[in-house]
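Q: Shown below is the structure under consideration.
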Amino acid sequence: MRGPGGPELFQLDREAREIAPGAVHVPDWLSLSEQQELVAAARLWCSGSARLRHQRMPGGGVMSVKSTVLGQSWPRYKVQQAGRPEALPERLGTLGVAGVSRAYGQDSPEAVAFEPTTAVVNFYDADARMGMHQDLDESGPDPIVSISLGDTCIFRLGNLEHRGRPYQDIELKSGDLLVFGRSSRWAFHGVPAVKAGTGDASLGMRNGGRINITVRSTRHDRR
Ligand SMILES: O=C(O)CCC(=O)C(=O)O
Ligand SMILES: [Fe+2]
């Protein structure tokens with residue numbers, strides 16, 4: 062497809078930019094070796110009682126994405142992951158703070174205040190999708206720090222009101238950072254597609270797929 066909406070639209074600009082107020086996309090934030098380390102570490106973190114599972118949604122459906130939570134959890138996960146270790150891997154805490162600093166500046170109030178407690182790890186095979194939703198598990202105002210590994214996806218960032226338009230689609234590639242906080246903290250968002258086979262073979266994801274890690278703080282409103 063050529064013209065607006067065609068694949069070339071996504072190739073033009075891989076500069077860091079604020080895609081919406083408070084939503085900052087930093088392409089190629091992690092080096093290939095950092096990505097490789099993170100893929101290997103994620104394999105260990107997501108084992109045993111923290112293994113990736115198709116989670117059941119409140120409405121009773123089952124997600125096509127497999128996911129797990131590391132660190133402090135929420136009630137919906139406690140049921141499904143009894144016995145899971147409570148500690149957030151230190152590396153993810155560090156990356157979370159570094160991500161907020163990269164997005165908003167090291168001296169920004171968000172970076173200074175961010176104390177990550179939790180990471181959600183999602184795994185998408187070629188057919189997995191994530192529907193439009195808001196991240197309401199935390200009361201905020203801390204931002205969500207998202208790291209992508211493996212296959213490229215289309216990430217849809219919508220509006221604050223509902224799942225529909227207006228929204229924009231961006232590509233998230235392996236090593237990309239996306240921080241959404243401030244005025245975009247409660248924006249609807251989702252992943253309508255994964256581009257199978259686009260991940261670098263040296264990442265060690267033999268069967269392909271996409272890993273997304275979001276680093277979060279579950280602390281309640283402090284400000
Ligand atoms: O996979 C992504 O990029 C988004 C994941 C997400 O929205 C979530 O886990 O709440
Ligand atoms: Fe989300």
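For reference, each letter of the sequence shown is one residue, going 62 to 284 in the working numbering.
Idealized CB from N, CA, C, for every residue including glycine.
Which same chain residues, not among the five before or five after R224, have their C-beta less than 6 angstroms away from its C-beta?
A: Here residue 224 refers to the residue found at position 163 when the sequence shown is read from its first residue. Answer for R224: M193, F249, listed in chain order.
Q: Would you say the beta carbon of T179 comes nearer than 7 angstroms to a heavy atom of ligand 1?
A: Against the sequence shown, residue 179 aligns to sequence position 118. The answer is no for T179.
Q: Which term fits L93, buried or exposed, when burial requires 16 or more other beta carbons within 10 angstroms of its beta carbon?
A: Taking the sequence shown and counting its residues from 1, the one referred to as residue 93 is at position 32. Counting Cβ neighbours within 10 Å, L93 comes out exposed, since fewer than 16 surround it.
Q: What's the gap between the Cα of P170 and the Cα of P253?
A: Translated into positions along the sequence shown, residue 170 becomes position 109. Translated into positions along the sequence shown, residue 253 becomes position 192. Each residue's Cα considered, the two are about 32 angstroms apart.
Q: I need the DSSP call for A257, collapsed to helix, strand or coil.
A: By 1-based counting over the sequence shown, the position of residue 257 is 196. Here A257 sits in coil by DSSP.
Q: Taking 6 angstroms as the limit between beta carbons, can you name the residues of its chain near W106, skipping five residues before and five after?
A: Taking the sequence shown and counting its residues from 1, the one referred to as residue 106 is at position 45. Cβ neighbours of W106 beyond the five flanking positions: L131, P150.
Q: Taking the Cβ atom as the reference point for each residue, do S25 and D203 lie within a distance shorter than 8 angstroms?
A: The requested residue 25 is not part of the displayed model; the chain covers only 62 to 284.
Q: Any beta carbon from chain D within less than 8 angstroms of G242's own beta carbon?
A: No chain D appears in the structure shown, which is made up of a single protein chain.
Q: Any heavy atom of ligand 2 within a distance shorter than 7 angstroms of the CB on H250?
A: Residue 250 sits at position 189 when you count from the first residue of the sequence shown. Yes, since a heavy atom of ligand 2 falls inside the 7 angstroms radius drawn around the Cβ of H250.
Q: My output table needs one value for D74: the three-state DSSP class, helix, strand or coil.
A: The residue given as residue 74 occupies position 13 in the sequence shown. Here D74 sits in coil by DSSP.
Q: Taking 8 angstroms as the cut-off, decide whether the C-beta atoms of L221 and Y228 are in contact.
A: Taking the first residue of the sequence shown as position 1, residue 221 is located at position 160. Taking the first residue of the sequence shown as position 1, residue 228 is located at position 167. It is not a contact, given that the beta carbons lie outside the stated cut-off.
Q: Leaving out five residues before and five after T259 in sequence, what residues of the same chain have Cβ atoms less than 7 angstroms from its Cβ?
A: Position 198 of the sequence shown holds residue 259. Closer than 7 angstroms at the Cβ level, and outside the excluded window around T259, lie D212, T213.
Q: With distances taken Cα to Cα, identify the nearest neighbour of L197 among I231, R246, R117, K234.
A: What you label residue 197 is simply residue 136 of the sequence shown in a count that begins at 1. Out of I231, R246, R117, K234, R246 has the C-alpha closest to the C-alpha of L197.
Q: Specify the secondary structure class of Q96 as computed by DSSP and reduced to three states.
A: Here residue 96 is taken as the residue at index 35 of the sequence shown, counted from 1. Correct three-state label for Q96: helix.
Q: Helix, strand or coil: how does DSSP classify E228 here?
A: Translated into the one-based positions of the sequence shown, residue 228 becomes position 167. The sequence as given places Tyr at residue 228; Glu does not occur at that position. Here Y228 sits in coil by DSSP.
Q: Give a single yes or no on whether N220 has its beta carbon closer than 7 angstroms to a heavy atom of ligand 1.
A: Translated into positions along the sequence shown, residue 220 becomes position 159. Outside the cutoff, so no.
Q: Using the Cβ count rule (16 or more neighbours within 10 Å means buried), how would you classify T155?
A: Here residue 155 is taken as the residue at index 94 of the sequence shown, counted from 1. Per the 10 Å Cβ criterion, exposed.
Q: Apart from the five residues on each side of it in sequence, which residues of its chain come closer than 6 angstroms, Cβ to Cβ, to R243?
A: In the sequence shown, the residue the question calls residue 243 occupies position 182. The answer, listed in chain order, is G83.
Q: Can you tell me the Cα-Cα spacing of V123 and N268, whole angstroms?
A: For this step, residue 123 is matched to residue 62 along the sequence shown. For this step, residue 268 is matched to residue 207 along the sequence shown. Going by the C-alpha atoms only, they are around 22 angstroms apart.
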